[in-house]
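K.L.:
As numbered in the numbering used here, residues 1 to 255 make up the sequence shown, in order.
The C-beta atom is built at its ideal place from N, Cα and C for all residues, glycine as well.
Below are the structure tokens for one structure; questions will follow.
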Amino acid sequence: EILTALENADHIREWVMQRYIERPLLLGGHKFHLRVYVLCVGALRVFVYDRILMLIAAHKYDADDMDDIYGHLTNTARAAEDVNFDEAKFVRILEDLPAYLLKTRPGQCPDLAAATAAVQGIRESIHAITADVYGAYENEYSIFSPMSNCFEVYGLDFMVDEDLKVHFLEVNPGPDFKQTGDRLQGLIGQLWEQINVIVFDTGLVHPSVTAGEKSHAEVDAALGPEWAQRAKDFTMVYSKEWSAAKHKGGMTFIE
């Protein structure tokens, strides 16, 4: 049925199909996905915001019940339509996961140190996958065209399975920050405060950088530890000068 539908959809040029994750990690019986905010600066440095959201389905997961969309769909906009939706329960952060693993998975996580290490492993997988995703588009300017004087924020979605393996789902340009909800709005405020540090206080979009007066490596070396202290929730996961960026016009920088 899927193949027939694809063959008959003449108005869509390209399709991307993903393998269904049959054994997702559940929180209290509920399916969830991870929303990760990613900052891209110039062409190209990529930073991951490590205050990662866990967006949880409103109904308990039943793999055999495909009619209950609230048990399968984990995006907050759809979950919030359910009368039983409770933001405090269904919008969490990754820092909440170690305590849950300690309680429900004594075999994998016999103590808090093991549970914390498991979650750190999830975080490191997200870093590595994010670097691979953006690295795959190096100089593919017809698809992804970062400019030297600019920055962008994306929302990347991931899912974790029962073996604590991380699966990449999709990239969302122009992410909806309302998914964070009212309770965690401070998390978004901190996101933008730290973006200001990385983008402007470090001078990554200053003319001396974007005009090529300093090499990419020199700029990285000059960043030093200060930005990491003031933007402590960000990790730089990718840094490489894209050759095509040297020849591509950008926006005019105005002080």
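(1) In the DSSP assignment, find the unbroken alpha helix (DSSP H) run with residue 186 in it and report its ends.
(2) Measuring only the C-alpha atoms, how far is residue 194 from residue 5?
(3) Would you decide whether residue 242 is buried or exposed? Buried here means 16 or more other CB atoms lie within 10 Å of its CB.
(4) Do the segment 84-93 and the segment 124-135 meet, that is, are 3 or more Cβ pairs less than 8 Å apart?
(5) Taking a contact to mean a Cβ-Cβ separation below 9 Å, would you say residue 43 touches residue 147 in this structure?
(6) Count the other C-beta atoms from every protein chain shown that fall within 10 angstroms of the C-beta of residue 196, then say buried if there are 16 or more, exposed otherwise.
(7) Just the Cα atoms here: how many angstroms apart are residue 161 and residue 233?
(8) Below 8 Å on the Cβ atoms is my contact criterion, and I expect residue 198 with residue 39 to pass it. Report the Cβ-Cβ distance as a whole number of Å.
(9) Rounded to a whole number of angstroms, what is the C-alpha to C-alpha distance between residue 192 and residue 202?
(10) Report yes or no: is there a C-beta of chain C within less than 9 Å of the C-beta of residue 9?
(11) Can you tell me where the beta strand (DSSP E) holding residue 137 begins and where it ends?
(12) Taking all protein chains shown into account, decide if residue 8 is buried (16 or more other Cβ within 10 angstroms of its Cβ) or exposed.
(13) Three-state secondary structure (DSSP) at residue 127?
(14) Just the Cα atoms here: how many angstroms apart are residue 54 and residue 105?
(15) Buried or exposed, going by whether 16 or more other CB atoms sit within 10 Å of the CB of residue 157?
(16) Name, in chain order, the residues that DSSP records as bridge partners for residue 155.
(17) Alpha carbon to alpha carbon, how far is residue 116 from residue 109?
(18) State the start and end residues of the unbroken beta strand (DSSP E) segment that holds residue 235.
(19) In the DSSP assignment, what residue or residues form a beta bridge with residue 56?
(20) Under the three-state reduction of DSSP, which class applies to residue 69: helix, strand or coil?
P.N.:
Let me spell this out:
(1) By one-based count along the sequence shown, residue 186 stands at place 186. From DSSP, the alpha helix (DSSP H) with residue 186 extends over 185-196.
(2) Taking the first residue of the sequence shown as 1, we reach residue 194 at position 194. Taking the first residue of the sequence shown as 1, we reach residue 5 at position 5. Looking at the two C-alpha atoms, the distance is approximately 45 Å.
(3) Start at 1 with the first residue of the sequence shown, and residue 242 comes out as number 242. Answer is buried; the Cβ neighbour count reaches 16.
(4) Verdict: no, contact absent.
(5) Indexing the sequence shown from 1 puts residue 43 at position 43. Indexing the sequence shown from 1 puts residue 147 at position 147. Taking 9 Å as the cut-off, the beta carbon of residue 43 is found closer than this to the beta carbon of residue 147.
(6) Against the sequence shown, residue 196 aligns to sequence position 196. It is exposed - the Cβ of residue 196 has fewer than 16 other Cβ atoms within 10 Å.
(7) Residue numbering aside, residue 161 sits at position 161 when the sequence shown is read from its first letter. Residue numbering aside, residue 233 sits at position 233 when the sequence shown is read from its first letter. Cα-Cα distance, rounded: 25 Å.
(8) Your numbering for residue 198 matches position 198 in the sequence shown. Your numbering for residue 39 matches position 39 in the sequence shown. Contact holds; Cβ gap of about 7 Å.
(9) Here residue 192 refers to the residue found at position 192 when the sequence shown is read from its first residue. Here residue 202 refers to the residue found at position 202 when the sequence shown is read from its first residue. When only Cα atoms are considered, residue 192 and residue 202 end up about 15 Å apart.
(10) Within the model displayed, chain C is absent; a lone protein chain is all it includes.
(11) In the sequence shown, the residue the question calls residue 137 occupies position 137. Segment: none, residue 137 is in no beta strand (DSSP E) and carries neither H nor E.
(12) Working through the sequence shown from its first residue, we reach residue 8 at position 8. That one is exposed.
(13) For the purposes of this step, residue 127 is identified with residue 127 of the sequence shown, where counting begins at 1. DSSP places residue 127 in helix when its eight states are reduced to three.
(14) Taking the first residue of the sequence shown as 1, we reach residue 54 at position 54. Taking the first residue of the sequence shown as 1, we reach residue 105 at position 105. Straight-line Cα distance between these residues: approximately 18 Å.
(15) Residue numbering aside, residue 157 sits at position 157 when the sequence shown is read from its first letter. Under the 10 Å beta carbon count, residue 157 is surrounded by 16 or more other beta carbons and is classified as buried.
(16) Position 155 of the sequence shown, counting from 1, holds the residue named residue 155. DSSP output for residue 155 lists 37, 172 as bridge partner(s).
(17) As a first step, residue 116 must be located in the sequence shown, where it is residue number 116. As a first step, residue 109 must be located in the sequence shown, where it is residue number 109. The alpha-carbon separation between residue 116 and residue 109 amounts to approximately 9 Å.
(18) Here residue 235 is taken as the residue at index 235 of the sequence shown, counted from 1. Taken as a continuous stretch (DSSP letters only), the beta strand (DSSP E) holding residue 235 covers 234-239.
(19) If you number the sequence shown from 1, residue 56 lands on position 56. Note: residue 56 is bridge-paired with 32 in the DSSP secondary-structure output.
(20) As a first step, residue 69 must be located in the sequence shown, where it is residue number 69. Note: residue 69 maps to helix in three-state DSSP.
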